[in-house]
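Asks: Pasting in a structure now, in structure tokens, and then I'll have a few things to ask.
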Amino acid sequence: MTAPLDTAPLDDAPAVAAAEPQIAGRSLGQIAWGRLRRDKVALVGAGMIIFFVLVAIFAPLLCAIFDVDPETNYTDQLDDLGFPDGPWANASWDHPFGVEPGLGRDIFARTVYGARYSLTIALLATVLTVGLGVVAGIIAGFRGGWMDTLISRSMDILLAFPVLLFSIAALVIVGQAQWYKESVLYQILFMTFVIGFFGWPYIGRIIRGQVLSLREKEFVDAARSLGASTNRILFKELLPNLLPIILVYSTLIIPTNILAEAALSFLGVGLQPPTPTWGQMLSDSRASLQLVPSYVAVPGMAIFLCVLAFNLFGDGLRDAFDPKGTQ
Amino acid sequence: MTVAPSTEPSGAPTLRDDALLQVRDLKKHFPITQGILFQKQVGAVQAVDGVTFDVAERETLGLVGESGCGKSTAGRTITKLIEPTSGSIVFDGKEISGYSRSQMQALRNDIQIIFQDPYSSLNPRHPIGTIVGAPFRITDSSLTDKEIKSKVQSLLERVGLNPEHYNRYPHEFSGGQRQRIGVARAVALRPKLIVCDEPVSALDVSIQAQVVNLLEDLQEEFGIAYIFVAHDLSVVRHISDRVAVMYLGKIMELADRDTLYSKPLHPYTHALLSAVPIPDPDNQNRRERILLTGDLPSPINPPSGCVFHTRCFKAQERCKLEVPAFREVAPGHAIACHFPEERKPFDPNAEGRVIRSTMSAEEQDQQLPVDAHPDLVQQAHQDDRSQFR
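Chains as they are written, first to last, in the numbering used here: chain A, 178 to 504; chain B, 4 to 392.
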């Protein structure tokens with residue numbers, strides 16, 4: 178190129194400008210949304226999620242329609258031995274899913290209210306996990322040095338922590354207190370802590386790795402050379418690049434948390450009776466599994482469908498944000 | 004400035020006190036640390052080891068050298084993206100080498116940088132209106148969105164982009180267009196100095212010419228001085244007023260463009276120029292070719308004396324022992340060599356002569372440091388970056 182360089186015509190002056198008066202750029206988020214809308218499986222998942230959320234929100238209304246209550250003992254539905262007085266747990270228009278053996282509480286009402294508690298705990302735990310993980314991951318990745326060492330080693334320790342044993346032991350101590358037994362709110366907060374707190378190292382590691390690679394990108398140097406503050410770099414430059422990961426991880430961790438809540442309730446470490454949760458209902462139904470098999474099916478299906486819905490939607494979301502995916 | 008005789012020790016070569024940017028003995032050593040809790044420094048990557056040059060207003064200084072010679076580090080140190088280890092950087096009469104981040108804030112309008120990779124230098128999540136508008140948003144909070152938009156659109160038009168593309172995202176543009184966006188962002192605040200860190204290395208040859216021409220036009224219009232870091236000697240020859248040749252963190256030769264390309268004195272410059280292809284096979288085959296053997300020595304443990312002596316075809320005993328002073332041998336022409344010699348770079352009568360380093364392979368191996376492990380270099384780099392966050 179020792180020859181003089183002639184001014185070549187611009188390679189990139191697009192001729193479409195005149196034809197298209199409004200050129201709206203599509204952000205990566207908008208492209209992902211476009212892909213998601215064409216993903217039928219993900220849309221089915223989203224529809225099921227919306228259904229479960231609506232059920233949880235309108236639980237009192239649904240119960241009022243059938244005139245049932247989750248904590249009333251409908252003993253008139255039971256026979257002399259305390260079993261439902263008919264097949265399918267004595268299901269009828271008054272009690273759509275029948276009543277439970279022993280106490281005679283309405284299964285439909287308990288399932289609908291169970292959605293409330295299960296989803297609330299799963300969502301709160303997810304918020305806690307993701308919040309802690311993102312903050313810790315960003316700090317570890319961006320600051321580096323001893324801060325990174327401290328946070329990364331804490332993650333390792335937490336990952337090796339026996340969560341199940343800890344939560345059982347903690348409930349044995351906390352569960353005896355009167356204030357705990359009486360307050361559903363405290364019970365929810367306790368469950369949120371047990372499920373959510375120990376999960377943050379997983380997303381923390383993912384975020385840390387992302388920040389490590391992002392902070393070396395030249396657009397961060399560019400922002401710094403413009404005099405941008407650290408806050409601006411973190412929240413305006415880095416965070417938008419982390420959002421898809423956070424979003425996808427959140428939707429995929431919710432079903433895990435639903436299962437964790439069910440498992441803890443099944444073991445008797447969850448919300449205390451008579452507050453209904455799906456895991457607790459599963460646990461109760463075990464005793465009469467052979468005589469009233471339909472009792473176990475209802476909370477079981479609820480857990481199954483809810484977890485499936487979040488997983489389908491989360492997978493679709495991940496595919497939609499995948500840069501290698503087709504438009 | 005009068006002609007300094009070649010025997011004069013060190014002295015200040017080609018320095019003008021009125022220059023926009025005066026860099027004196029600038030050093031950047033990345034520390035290498037070991038240990039988990041109690042880290043101790045076990046060495047340093049001497050990426051930039053004492054460079055001295057000036058840049059006048061509206062002038063372009065080319066900075067060339069092979070990979071790893073510290074040219075990019077030198078450029079970034081001047082913008083203070085990397086803190087210098089020692090030395091002085093005087094910009095516009097102010098000593099900025101010790102400036103803190105908040106002190107630098109006032110100078111951000113005046114010193115800007117254009118990056119090599121147009122793909123990683125633009126945030127993929129921001130539309131280009133936000134990217135090019137960022138300089139205004141950060142430096143002047145009194146501007147309204149509408150004012151910023153009109154400023155950004157006129158900038159986009161100035162660099163040859165459609166202002167209607169304000170709302171588009173970086174992934175919708177080609178490499179050349181992206182580099183234009185990077186240029187628009189750099190010139191937004193009308194800086195006096197722009198460090199161009201290999202701005203065209205990642206581009207197609209045809210696009211390179213456009214971007215180089217754009218940079219030249221902007222220089223004329225806004226009166227910008229450039230430090231143009233590159234390894235392509237032809238591009239540097241085209242755009243630069245003066246050229247500095249770097250090797251292993253030091254400047255080997257600094258001269259105005261025509262002198263450097265027609266009458267180079269340093270053996271390393273000779274070797275570099277003999278590697279530039281000539282677009283004529285006959286001349287290409289007949290010209291003298293200087294082959295440098297061996298690898299670039301490690302900057303962790305640079306050779307003694309002249310850093311180039313391990314690969315120099317003229318190296319003698321003195322070169323191993325004595326560091327050659329960077330001195331002016333003619334007005335505006337400074338070199339660091341004990342045995343400068345004028346040699347025609349494109350000699351068609353050379354009959355295809357090939358010159359090799361006189362040093363044997365064993366001798367070169369001895370010169371190579373044992374601890375030049377790439378992991379250490381990488382780690383040193385990261386450690387250093389984390390310090391100023």
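Idealized CB from N, CA, C, for every residue including glycine.
(1) Is the stretch 26 to 34 of chain B close to the stretch 44 to 57 of chain B, with three or more CB pairs under 8 Å?
(2) Secondary structure at Pro-34 (chain B), three-state DSSP: helix, strand or coil?
(3) Using DSSP's beta-bridge definition, name the partner residues of Thr-63 (chain B).
(4) Indicate the three-state DSSP secondary structure (helix, strand or coil) for His-269 (chain B) in the structure shown.
(5) So with CB distances below 8 Å, who are the chain A contacts of Ile-116 (chain B)?
(6) In terms of residue numbering, what span does the beta strand (DSSP E) encompassing Glu-256 (chain B) cover?
(7) Determine, using beta-carbon pairs with one atom in the stretch 389 to 409 of chain A and one in the stretch 122 to 130 of chain B, whether at least three such pairs fall under 8 Å.
(8) How far does the beta strand (DSSP E) with Val-332 (chain B) in it extend, from its first residue to its last?
(9) Going by CA-CA distance only, name the one from B:Gln-222, B:Leu-192 and B:Val-238 that's closest to Ala-205 (chain B).
(10) Under 6 Å Cβ to Cβ from Phe-94 (chain B), same chain only, skipping five residues before and after it: list those, please.
(11) Just to confirm my understanding: we take Arg-293 (chain A), look at its own chain, exclude 5 residues before and 5 after, and list those with CB closer than 6 Å. What are they?
(12) Could one say the Cβ of Gly-38 (chain B) lies closer than 9 Å to chain A's Cβ atoms, at least one of them?
(13) Mapping the DSSP letters down to three states, classify Cys-199 (chain B) as helix, strand or coil.
(14) Quick check on this structure: which residue in B:Gln-119, B:Leu-192, B:Pro-87 and B:Ile-116 has the alpha carbon closest to the alpha carbon of Phe-139 (chain B)?
(15) DSSP three-state call for Val-326 (chain B): helix, strand or coil?
(16) List the whole-angstrom C-beta distance separating Leu-275 (chain B) from Leu-236 (chain B), where the pair is believed to meet the contact cut-off of C-beta under 8 Å.
(17) Could you tell me whether any Cβ in chain A is nearer than 9 Å to the Cβ of Gly-185 (chain B)?
(18) According to the Cβ coordinates, are Asp-244 (chain A) and Gly-281 (chain A) closer than 9 Å?
(19) Roughly how many whole angstroms lie between the Cα atoms of Ser-13 (chain B) and Gly-68 (chain B)?
(20) So that I know if they touch, is there some Cβ in chain B lying closer than 9 Å to that of Leu-494 (chain A)?
(21) Check whether the stretch 176 to 185 of chain B touches the stretch 198 to 218 of chain B, counting contact only when three or more Cβ pairs, one atom from each stretch, lie closer than 8 Å.
(22) To the nearest angstrom, how far is the alpha carbon of Tyr-426 (chain A) from that of Gly-291 (chain A)?
(23) Who are the neighbours of Ile-254 (chain B) on chain A, taking C-beta pairs under 8 Å?
(24) Using the DSSP secondary-structure output, state which residues sit across from Arg-245 (chain B) in a beta bridge.
(25) Taking Cβ positions only, does Arg-111 (chain B) come closer than 9 Å to chain A?
(26) Any beta carbon of chain B sitting closer than 9 Å to that of Pro-453 (chain A)?
(27) Using only the alpha-carbon positions, how far apart do Glu-345 (chain B) and Ala-137 (chain B) sit?
(28) State the start and end residues of the unbroken alpha helix (DSSP H) segment that holds Leu-294 (chain B).
(29) Quick one: which chain A residues come within Cβ less than 9 Å of Arg-188 (chain B)?
(30) Do you know offhand how far Ile-298 (chain A)'s Cα is from Asn-408 (chain A)'s?
(31) Would the beta-carbon of Tyr-264 (chain B) fall within 9 Å of that of Leu-64 (chain B)?
(32) Under 9 Å Cβ-Cβ, which residues of chain B neighbour Asn-418 (chain A)?
(33) In or out: Asn-288 (chain B) buried (at least 16 other Cβ within 10 Å) or exposed?
(34) Could you check where the alpha helix (DSSP H) with Asp-461 (chain A) kicks off and where it finishes?
(35) Tell me which same chain residues have a C-beta within less than 7 Å of the C-beta of Gln-449 (chain A), skipping the five on either side of it?
Replies: Considering the structure as presented:
(1) yes
(2) strand
(3) B:Tyr-229
(4) coil
(5) Asp-398, Ala-399 and Ser-402
(6) Counting along the chain, Glu-256 (chain B) sits inside the beta strand (DSSP E) bounded by residues 253 to 259.
(7) Flag = yes, the stretch 389 to 409 of chain A and the stretch 122 to 130 of chain B touch.
(8) 330 to 333
(9) Just measuring C-alpha positions, the residue of B:Gln-222, B:Leu-192 and B:Val-238 sitting nearest Ala-205 (chain B) is B:Val-238.
(10) Leu-24
(11) Excluding residues within five positions, the ones whose Cβ falls inside 6 Å are Ala-233 and Ala-236.
(12) So, not an interface residue.
(13) DSSP places Cys-199 (chain B) in strand when its eight states are reduced to three.
(14) B:Leu-192
(15) The answer is coil: DSSP assigns Val-326 (chain B) none of H, G, I, E or B.
(16) 7 Å
(17) Any Cβ of chain A closer than 9 Å to the Cβ of Gly-185 (chain B) would place that residue at the interface, and such an atom is present.
(18) no
(19) Bear in mind that the predicted position of Ser-13 (chain B) carries a pLDDT of just 40, short of 50, making it unreliable; the figure below should be weighed with that in mind. Roughly 22 Å between the two C-alpha positions.
(20) no
(21) Taking 8 Å as the limit for Cβ pairs, the verdict is that the stretch 198 to 218 of chain B does touch the stretch 176 to 185 of chain B.
(22) 24 Å
(23) Going along chain A, no residue has its Cβ under 8 Å from Ile-254 (chain B), so there is no contact; the nearest lies around 23 Å.
(24) B:Leu-64 and B:Asp-259
(25) yes
(26) no
(27) Glu-345 (chain B) and Ala-137 (chain B): Cα-Cα distance of roughly 49 Å.
(28) Element bounds for Leu-294 (chain B): not the alpha helix (DSSP H) but the beta strand (DSSP E), 292 to 294.
(29) Going along chain A in sequence order, the residues near Arg-188 (chain B) (Cβ under 9 Å) are Ala-399 and Leu-403.
(30) 32 Å
(31) No, they are not a contact pair.
(32) Asn-126, Pro-127 and Arg-128
(33) Around the CB of Asn-288 (chain B), fewer than 16 other CB atoms lie within 10 Å, so the residue is classed as exposed.
(34) 455 to 462
(35) Lys-358 and Gln-364
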